[in-house]
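Here the structure is laid out as structure tokens; the discussion comes afterwards.
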Amino acid sequence: DYIKSKLLEIAQPKSQIVKKLVKEHGEKVIQNVTMGQVLTGMKGVVSLLTCTSKLDPEEGIRFRGYSIPELKNLLPKIHDEGEPLPEGIFYLMLTGELPTPEDVRYISEQWAQRAQGIPAHVYDVIEALPKDAHPMIQFNTAILAMSTESQFRKAYLVGMDKKDYWDPTYEGVMDLISRLPAIAAYIYRRVFYNGDHIEPDPSLDWAGNLAHMMGHDSEEAKRLMRLYMLIHSDHEGGNVSAHATHLVGSALSNPYYSFSAGMNGLAGPLHGMANQDVMHWLNKMKREIGCEDPTEEQIKKYAEETLANGRVIPGYGHAVLRKTDPRFTVQLEFANKYIPDAPYIKLVNKIYNVVPDVLGATGKVKNPWPNVDAISGSLLTSYGIKEFPIYTVLFGVSRALGVLTQLIWDRLYGLQIERPKSQNLRWFIDKAEE
Ligand code: FCX
């Protein structure tokens with residue numbers, strides 16, 4: 002695997018730098034932390050080393066220095082008009098370098114081959130769950146069930162030098178990522194299409210195959226899936242799914258355990274589940290107002306009622322971003338280009354005209370702008386993927402690319418177990434009085 006030798010070459014000097022920083026600058030104070038930050042979710046506290054992507058509050062995400070619009074031009078595609086292949090962003094996050102079309106093809110082939118190794122018991126475990134168990138329960142159970150395959154644990158038991166941890170981690174990550182589309186599609190067809198499953202097409206790319214196995218075989222649906230898989234792949238290190246994966250991984254838990262932890266976090270309504278909740282919110286609004294095409298005035302009233310009832314407006318707000326999420330913008334551009342008249346897209350536009358003012362008027366919401374989830378479900382629905390409960394699973398398939406790449410780097414850097422300090426309430430009260 003030439004990617005492995007390349008990765009080791011790139012990583013060796015970097016892991017030396019990390020060791021040197023710890024040794025020679027370990028005492029350097031890098032930040033003051035306030036009581037407010039600790040008691041409101043540690044926002045802004047620099048406490049993680051993440052190399053795959055970086056989030057700027059104003060500009061949004063950059064993957065290894067490249068913004069989404071830049072990557073749309075720079076990453077290899079199947080069709081000139083189409084979207085970049087997620088294999089390319091994986092390569093970029095892994096190596097820090099832009100891939101050639103050959104690199105992307107190599108990863109596509111690797112994943113298609115590795116995907117064939119899903120053990121039979123994984124499907125048995127899924128089948129043992131009730132059909133109406135939320136797809137995220139089924140997805141996560143399947144991920145855990147696959148940890149029987151972990152090369153890391155086997156190598157660890159045999160006895161492995163610390164500096165080699167990254168190698169079985171890489172193998173596990175490649176296997177895991179390769180198998181997620183088939184598992185997601187299996188759950189989708191099980192729950193919504195009576196278990197009428199579709200075989201993978203090994204000639205297709207990773208995201209195209211996911212659309213194919215879900216039964217959405219048009220080139221348009223594949224194109225959307227490539228975009229979706231690209232933009233959800235990473236959001237630096239502190240978001241719940243990335244941080245949970247990293248934290249659990251710091252105990253040397255194998256990639257399956259670590260990723261499963263991240264996916265449990267993604268299933269929360271303030272994180273990845275928001276993409277499904279947006280659709281519930283929209284549809285409830287249409288039902289309550291009693292029409293398919295509510296006016297902006299009606300939407301405003303409904304949004305105000307949501308807040309008055311002590312609920313959040315899903316798809317809006319962000320812990321770091323302070324502007325419209327570029328992941329929202331790129332999806333809106335896609336929708337405006339290909340399906341401008343789709344009723345759900347019209348509704349998304351209207352909500353965008355109204356909700357930021359409603360949230361701004363509360364005086365407490367730090368970011369009244371839409372995030373990635375405000376439109377992703379409407380786009381999927383408009384392309385025929387109408388089963389909302391699968392949306393967070395799709396988010397999870399994509400998120401694997403970033404958080405698992407970072408897990409490999411955690412090993413390459415030789416990062417230690419994570420163990421921050423906690424204090425009881427008395428300690429905080431005493432601090433306040435100091
Ligand atoms: N609707 C209503 N209230 C909101 C809100 C929203 N969309 N966004 C923030 N607020 C409220 C918070 O609940 C908090 O209220 P409190 O003081 O009574 O506890 C207050 O405004 C300040 O919160 P703020 O600092 O702006 O936001 P946080 O960093 O605490 O939370 C999230 C960020 C994303 C969790 C929050 O904006 C939210 O709940 N949004 C709706 C759910 C959502 O869309 N999540 C997906 C986010 C993301 F893109 C993803 O992970 O997929």
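Taking the UniProt record's numbering, the leading residue of the sequence shown gets 2, the next gets one more, and so forth. Ideal Cβ placement from N, Cα and C applies to all residues, glycine included.
{"Check": "CB contact flag (A336, I352, <9 Å)", "Outcome": "no"}
{"Check": "Contacts around G27, its chain only, beta-carbon distance under 7 Å, and the 5 residues preceding and following it disregarded", "Outcome": "none"}
{"Check": "Beta-ladder partner(s) of S68, from DSSP", "Outcome": "R63"}
{"Check": "heavy atom of the ligand FCX below 8 Å from A275 C-beta", "Outcome": "yes"}
{"Check": "Boundaries (first-last residue) of the alpha helix (DSSP H) holding L181", "Outcome": "167–193"}
{"Check": "Residues of its chain near P58, where Cβ-Cβ distance is below 7 Å and the 5 sequence neighbours each way are ignored", "Outcome": "V321, L322, R323"}
{"Check": "Terminal residues of the alpha helix (DSSP H) in which L8 lies", "Outcome": "3–26"}
{"Check": "Option nearest A143 by Cα separation, candidates A185, Y166, G216, Y303", "Outcome": "A185"}
{"Check": "Given 8 Å, three or more beta-carbon pairs between the segment 401–415 and the segment 160–170", "Outcome": "yes"}
{"Check": "Close-in-space but distant-in-sequence residues of the same chain around V34 (CB under 6 Å, 5 per side omitted)", "Outcome": "V46"}
{"Check": "Proximity test, residue 1 beta-carbon vs the ligand FCX heavy atom, cut-off 8 Å", "Outcome": "The requested residue 1 is not part of the displayed model; the chain covers only 2 to 435."}
{"Check": "Rounded C-alpha distance that separates K55 from L231", "Outcome": "15 Å"}
{"Check": "Element boundaries [alpha helix (DSSP H), containing D57]", "Outcome": "Careful: D57 lies outside any alpha helix (DSSP H), inside the beta strand (DSSP E) at 54–57."}
{"Check": "For P369 and G361, believed in contact at Cβ under 8 Å, the rounded distance", "Outcome": "4 Å"}
{"Check": "For T51, the nearest candidate out of E306, G238, N255 (CA to CA)", "Outcome": "G238"}
{"Check": "Same chain, Cβ closer than 6 Å to L181, neighbours up to 5 away in sequence not counted", "Outcome": "V398, A401"}
{"Check": "Boundaries of the alpha helix (DSSP H) in which M226 is found, first to last residue", "Outcome": "220–232"}
{"Check": "Rounded Cβ spacing between A243 and G403 (contact assumed at less than 8 Å)", "Outcome": "7 Å"}
{"Check": "Close Cβ partners of D235 (< 6 Å) along its chain, the five nearest in sequence each way excluded", "Outcome": "T53, S54, G403"}
{"Check": "Element boundaries [alpha helix (DSSP H), containing Y157]", "Outcome": "152–159"}
{"Check": "beta-carbon G415 near the ligand FCX non-hydrogen atom, thresh 8 Å", "Outcome": "no"}
{"Check": "Assigned secondary structure, P120 (DSSP; H/G/I helix, E/B strand, else coil)", "Outcome": "coil"}
{"Check": "Rounded separation between K21 and S48 - CA only", "Outcome": "18 Å"}
{"Check": "Classification of K163 by the beta-carbon crowding that lies within 10 angstroms, buried from 16 upward", "Outcome": "exposed"}
{"Check": "Through-space distance from M280 to K287, alpha-carbon basis", "Outcome": "11 Å"}
{"Check": "Cβ-Cβ distance between Y384 and I314 below 9 Å", "Outcome": "no"}
{"Check": "Buried or exposed by the 16-neighbour rule on C-beta atoms within 10 Å, applied to H233", "Outcome": "buried"}
{"Check": "Three-way DSSP call (helix, strand, coil) for K347 in this model", "Outcome": "helix"}
{"Check": "Beta carbon of F396 nearer than 9 Å to that of L271", "Outcome": "no"}
{"Check": "Selected residue, minimal CA-CA separation from H80, among I290, E221, G378", "Outcome": "E221"}
{"Check": "Delimiting residues of the alpha helix (DSSP H) encompassing G273", "Outcome": "Segment: none, G273 is in no alpha helix (DSSP H) and carries neither H nor E."}
{"Check": "Reference D380; option with closest CA among V349, P390, P201", "Outcome": "First, the amino acid is wrong: residue 380 is Leu here, not Asp. Of the candidates V349, P390, P201, the one whose C-alpha sits nearest the C-alpha of L380 is V349."}
{"Check": "Counted within 10 angstroms of its Cβ, other Cβ atoms place D176 as buried (16 or more) or exposed", "Outcome": "buried"}
{"Check": "Whole beta strand (DSSP E) elements within the segment 253–318, 3-residue minimum", "Outcome": "none"}
{"Check": "The segment 80–90 in contact with the segment 198–213 per 3-pair CB rule at 8 Å", "Outcome": "yes"}
{"Check": "Other residues of its chain near T393: CB distance less than 8 Å, five sequence neighbours each side excluded", "Outcome": "P136, M137, L267, A268, G273, M274, N276, Q277"}
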